[in-house]
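J.: Sharing a structure with you now.
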Amino acid sequence: MAVKSGPTKPLSQWPHNRPVHPQAMENDNRALRLAFCQVELALHRLVFGCLSSVQRWESYRQEHKKLKKLNIKSDLMYYPLDEPADILIQRLLKHLRDEPAARGALEQAAIQADSVFDGNLAIPRGLRVACLLAELDADAVSLIVAVLADQRLDLPDAIMQTLLGGVTSEQRCKIKAQLEAILKVRQLLVRYRPDVSSKQAIMWQRLIFAICRDVRVVLVLLAFAVEQMRGLVYQSDLQQCRKAAHCAMHVFAPMAHQLGLGQIKWELEDLAFRHLQPEVYADIARKLDDRRVNRERYLEKIREALADALAKAGITAHVYGRPKHIYSIWSKMQKKRLSFEQLFDVHALRIEVETVSACYAALSVVHDLFTPIEREYDDYIARPKPNGYQSLHTAVQAWEGKVVEIQIRTHRMHAFAEFGVAAHWRYKSGQAGYHPMQESIESIRREWDKADQIGGKPGEQTIATELDVSHVYVFTPDGDLLELPAQATVLDFAYKIHTQIGHRCRGALINGNIAPLKSRLQQGDQVRVLTQKNAQPSRVWGRAQSGFLHSASARAKVRNYFARQDHHNRRERGRLLTERLLRHLKVNASRRETLVRQLGFADENQLFEAVGSGKMALETITVAARKQQSNEKPAGQHVDQQPAEPTEDVAIEQASLCIESRQIDGLKATIARCCNPKPGEPVMAFLSQSQGYKLHRPDCPNLNHLVRQYPERILAVQWPKADPKKN
Numbered sequence: 000m001a002v003k004s005g006p007t008k009p010l011s012q013w014p015h016n017r018p019v020h021p022q023a024m025e026n027d028n029r030a031l032r033l034a035f036c037q038v039e040l041a042l043h044r045l046v047f048g049c050l051s052s053v054q055r056w057e058s059y060r061q062e063h064k065k066l067k068k069l070n071i072k073s074d075l076m077y078y079p080l081d082e083p084a085d086i087l088i089q090r091l092l093k094h095l096r097d098e099p100a101a102r103g104a105l106e107q108a109a110i111q112a113d114s115v116f117d118g119n120l121a122i123p124r125g126l127r128v129a130c131l132l133a134e135l136d137a138d139a140v141s142l143i144v145a146v147l148a149d150q151r152l153d154l155p156d157a158i159m160q161t162l163l164g165g166v167t168s169e170q171r172c173k174i175k176a177q178l179e180a181i182l183k184v185r186q187l188l189v190r191y192r193p194d195v196s197s198k199q200a201i202m203w204q205r206l207i208f209a210i211c212r213d214v215r216v217v218l219v220l221l222a223f224a225v226e227q228m229r230g231l232v233y234q235s236d237l238q239q240c241r242k243a244a245h246c247a248m249h250v251f252a253p254m255a256h257q258l259g260l261g262q263i264k265w266e267l268e269d270l271a272f273r274h275l276q277p278e279v280y281a282d283i284a285r286k287l288d289d290r291r292v293n294r295e296r297y298l299e300k301i302r303e304a305l306a307d308a309l310a311k312a313g314i315t316a317h318v319y320g321r322p323k324h325i326y327s328i329w330s331k332m333q334k335k336r337l338s339f340e341q342l343f344d345v346h347a348l349r350i351e352v353e354t355v356s357a358c359y360a361a362l363s364v365v366h367d368l369f370t371p372i373e374r375e376y377d378d379y380i381a382r383p384k385p386n387g388y389q390s391l392h393t394a395v396q397a398w399e400g401k402v403v404e405i406q407i408r409t410h411r412m413h414a415f416a417e418f419g420v421a422a423h424w425r426y427k428s429g430q431a432g433y434h435p436m437q438e439s440i441e442s443i444r445r446e447w448d449k450a451d452q453i454g455g456k457p458g459e460q461t462i463a464t465e466l467d468v469s470h471v472y473v474f475t476p477d478g479d480l481l482e483l484p485a486q487a488t489v490l491d492f493a494y495k496i497h498t499q500i501g502h503r504c505r506g507a508l509i510n511g512n513i514a515p516l517k518s519r520l521q522q523g524d525q526v527r528v529l530t531q532k533n534a535q536p537s538r539v540w541g542r543a544q545s546g547f548l549h550s551a552s553a554r555a556k557v558r559n560y561f562a563r564q565d566h567h568n569r570r571e572r573g574r575l576l577t578e579r580l581l582r583h584l585k586v587n588a589s590r591r592e593t594l595v596r597q598l599g600f601a602d603e604n605q606l607f608e609a610v611g612s613g614k615m616a617l618e619t620i621t622v623a624a625r626k627q628q629s630n631e632k633p634a635g636q637h638v639d640q641q642p643a644e645p646t647e648d649v650a651i652e653q654a655s656l657c658i659e660s661r662q663i664d665g666l667k668a669t670i671a672r673c674c675n676p677k678p679g680e681p682v683m684a685f686l687s688q689s690q691g692y693k694l695h696r697p698d699c700p701n702l703n704h705l706v707r708q709y710p711e712r713i714l715a716v717q718w719p720k721a722d723p724k725k726n
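Residues in the sequence shown are numbered consecutively from 0, following numbering that gives the first Met the number 0.
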């Protein structure tokens, strides 16, 4: 039978959110007892899976009675999962007492959600999620979205039936957009695998942030994750259970941490840890319970001593024991390689004061009373964490040689530590035009980008901005996520996978549909690249204005491909020209190496590249080869300055040459028939592929065409001057 519980106290009435006079020890004792009460609750949850449904509700009832007796809450809205809808609805309506229009829409949505409730507690109820968000002081839109996001509802019908007149058109648009984002995230989470790497888990976080765009949607998703983990004991499918726990631990808990939502983060981690490593969880819970009584007595003595010392120093403070969460204990054991017995911060206290200056004054009192451990001191007030967390952390060696970890913070810092960005609603809700979520998320996004640039681990403590459109996250056919720049195309995706796949890409399947190369990718698309074996890229792809590639790195890959291809072509052309020349000059293989070194090249390939690109003139090679041959001739032997007429074509790049007997420096040259230049007239030489040099008039139409097509084969020459010795 369901246990009915009254509405919870607003956060403003919680004892740890208001200053407590040092004389008010009763509240301190209650807070301290609560810290150890949570250990008992962990043990209750540990054996939860072995209980019948009646026993489960009795266990919940006992837990709730303990919390109510102390008048302090340990978790956000921890009530029986089958709490009647009328109680949940009344709690929600009370939260919206000042918004009659939203109250009407919310009530209609809640009634409809209750009408489709099938009793399956393994599926989170939208009403309970809305109540959890109400404790975070969420706005009316978020509450309505939470109710309508119940998986049992048909969202289009629900929107039509509940939002026709209850809210403004602006709110209606926001609700629809947020519901669409939640639906898309749920559809994508079907692809989540419990064996994803830590890098892929970070990609999942970024994908969800990018889809949500609005941090309030993220809060709704986190609240649903909490409710799903609370009801996981009813999940009979062990594979689904492990998948949900893994997703909560590696995706949703880090997201809660990035938003500063400590309460949600800790609960997700503990519940997920219980299902992922039940034996380790049980061992730590048992050890905590075994030492509970002695630890409680010891901490109470330390707490009283600190409270008295602070009171004597004139500092108004609230000192209480803070609960340690099982996953947090295990993580610290792994990080510091300590056993449970060596882990000192199982003994943990917290001091809340009014002002920042009081924090440092309280720190001085603590260090005067007990011996501080220097390496355990951290000032997160002067240097807040990226998610906005602020506090003073210290560890001291107290009585009996035991180490106690102490946190010192203001009441406001505590609210932000527990509820993160949601705490902005409480402190800034009265300021018109203020959008704390956007400000917080955008600042953290800048930190994330910085972490990427310096090679850090993005996503550990930072998140994507609320309005971030700088990246798009898409799936490979294997289910892995890739990060691409916004407006990335199918071709960008192909080059991201592998350069050769990009070169051979001819299209893609986006979510099973054929798409051209220019198709823009959307968040969460699944892309399969279509390739051809012998396909090659196009030079057009490397142009930014063409629209084929948005990524500069991908365009660079295309340009590099053609640069290498052009380099090969230049070297091949240079090889053909150089080898023809060397054969004509009768330079054998043994002389080639010497000639290459004389010309200043390390090998023949460098020489070929220089000739093919025009950096080395063939006449320079000719002069060097003749000089080499001249040095090798015996003394007194005549060296023929006029080599025999060549049988092959050779290109020479030189500003001007003389022509004698229709030869260009010993190489074949013929007069072009199209313009038939006469000796003494200005001429230009063109190197043909089979007939050597062709001499043209500068105004020859054919020459103008050749200049445009083959500028590297054009040579400016002149007829030789008359030799006076022949006259």
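Just so you know, even glycine gets a beta-carbon here, dropped at the ideal spot from N, CA and C.
On a Cα-Cα basis, can you pick out the residue from HIS249, ILE328 and VAL166 that is closest to ALA104?
T.: Here the closest residue by C-alpha is VAL166.
J.: Does LYS693 pass the burial test, meaning 16 or more other C-beta atoms within 10 Å, or should it be called exposed?
T.: The residue in question, LYS693, is buried, as its Cβ has 16 or more Cβ neighbours within 10 Å.
J.: Let me know if VAL738 comes out buried or exposed under the rule of 16 or more other beta-carbons within 10 Å of its beta-carbon.
T.: No information on residue 738 is available, as it lies outside the stretch 0 to 726 that the chain covers here.
J.: What alpha helix (DSSP H) runs, 4 residues minimum, are completely inside the segment 185-213?
T.: You should have 197-211.
J.: Quick one: give me the first and last residue of the beta strand (DSSP E) that GLN396 is part of.
T.: From DSSP, the beta strand (DSSP E) with GLN396 extends over 391-396.
J.: If we count Cβ pairs, one from each stretch, closer than 8 Å, do we get three or more for the segment 493-509 versus the segment 524-531?
T.: The answer is yes - the segment 524-531 touches the segment 493-509, with three or more Cβ pairs under 8 Å.
J.: Going straight from the alpha carbon of GLN396 to that of VAL365, what length do you get?
T.: Using only the alpha carbons, I get a separation of about 11 Å.
J.: Between GLN170 and the rest of its own chain, which residues show a CB-CB distance below 6 Å, the 5 nearest in sequence each way excluded?
T.: Result list for GLN170: VAL140, in chain order.
J.: Consult DSSP for GLU644 and reduce its assignment to one of helix, strand or coil.
T.: Residue confidence is low: GLU644 scores 36 on pLDDT, short of 50, so the model does not pin down where it sits. No coordinate-derived value is stated.
J.: Measuring only the C-alpha atoms, how far is LEU705 from HIS583?
T.: C-alpha separation (whole angstroms): 26 Å.
J.: On the DSSP letters alone, give me the boundaries of the alpha helix (DSSP H) that CYS358 sits inside.
T.: Counting along the chain, the alpha helix (DSSP H) containing CYS358 begins and ends at 355-368.
J.: According to the Cβ coordinates, are VAL146 and ALA112 closer than 9 Å?
T.: Result yes, Cβ atoms of VAL146 and ALA112 sit closer than 9 Å.
J.: From ALA255, PHE251 and GLU106, pick the residue whose C-alpha is nearest to that of ILE86; which is it?
T.: The shortest Cα separation from ILE86 among ALA255, PHE251 and GLU106 belongs to GLU106.
J.: Return helix, strand or coil for ALA281, following the three-state DSSP convention.
T.: Helix.
J.: Closest by CA to ALA416, which one among ILE620, GLN262 and LEU131?
T.: It is GLN262 whose Cα lies nearest to the Cα of ALA416.
J.: For ARG408 versus GLU351, is the C-beta distance shorter than 9 Å?
T.: Yes; because the gap between Cβ atoms is below 9 Å, this pair is in contact.
J.: Considering PHE474, what are the terminal residues of the beta strand (DSSP E) in which it resides?
T.: It spans 470-474 - the beta strand (DSSP E) in which PHE474 sits, taken as one unbroken run.
J.: Looking only at its own chain, which residues have a Cβ that is under 6 Å from the Cβ of ARG215, when we skip the five neighbours before and after it?
T.: So the list reads SER141, once near-sequence residues are dropped.
J.: DSSP three-state label for THR167, please.
T.: Three-state DSSP puts THR167 in coil, outside helix and strand.
J.: Below 8 Å, can you find three or more Cβ-Cβ pairs linking the segment 514-524 to the segment 203-223?
T.: Because the criterion of three Cβ pairs below 8 Å is met, the segment 514-524 and the segment 203-223 touch.
J.: Of the choices LEU702, ALA180 and GLN717, whose alpha-carbon is the least far from that of PRO710?
T.: Considering only alpha carbons, the answer is LEU702.
J.: Can you tell me whether GLN234 is buried or exposed, with buried defined as 16 or more other CB within 10 angstroms of its CB?
T.: By the neighbour-count rule (16 or more Cβ atoms within 10 Å), GLN234 is buried.
J.: Could you check if TRP398 is buried or exposed, using at least 16 other CB atoms within 10 Å of its CB as the buried criterion?
T.: Exposed is the call here.
J.: In angstroms, rounded to a whole number, what distance separates the CA positions of ALA310 and PRO383?
T.: One C-alpha to the other measures close to 28 Å.
J.: For ILE513, count neighbouring C-beta atoms within 10 Å of its own C-beta (all shown protein chains included) and say buried if the count is 16 or more, exposed if not.
T.: Per the 10 Å Cβ criterion, exposed.
J.: Could you tell me which residues DSSP pairs with LYS693 in its beta bridges?
T.: Answer by DSSP bridge pairing, in chain order: THR669 and PHE685.
J.: What separation, rounded to the nearest whole angstrom, lies between the Cα atoms of ASP307 and SER168?
T.: Answer to the nearest angstrom: the Cα atoms are 57 Å apart.
J.: Is the CB-CB distance between GLY573 and PHE600 below 9 Å?
T.: For GLY573 and PHE600, no; Cβs fall outside 9 Å.
J.: Does the segment 108-124 touch the segment 188-196, meaning 3 or more C-beta pairs lie closer than 8 Å?
T.: Too few Cβ pairs lie closer than 8 Å, so no.
J.: Tell me the DSSP secondary structure of CYS240 in three-state form.
T.: Looking at CYS240 - three-state DSSP - the assignment turns out to be helix.
J.: Alpha carbon to alpha carbon, how far is GLN276 from ARG285?
T.: Roughly 14 Å separates the two Cα atoms.
J.: Figure out for me which residue from ASN510, MET248 and ASP153 has the closest Cα to the Cα of ILE201.
T.: Of the candidates ASN510, MET248 and ASP153, the one whose C-alpha sits nearest the C-alpha of ILE201 is MET248.
J.: In this structure, what does DSSP give as the bridge partners for VAL403?
T.: Answer is VAL395.
J.: Need the endpoints of the alpha helix (DSSP H) that GLY261 sits in, please.
T.: That run of the alpha helix (DSSP H) goes 261-275.
J.: For ALA84 versus LEU126, is the C-beta spacing smaller than 9 Å?
T.: It is a contact, given that the beta carbons lie within the stated cut-off.
J.: With 16 other CB atoms within 10 Å as the buried threshold, where does GLU586 fall?
T.: Before going further, note that residue 586 is Val rather than Glu in the sequence given. Burial call: buried.
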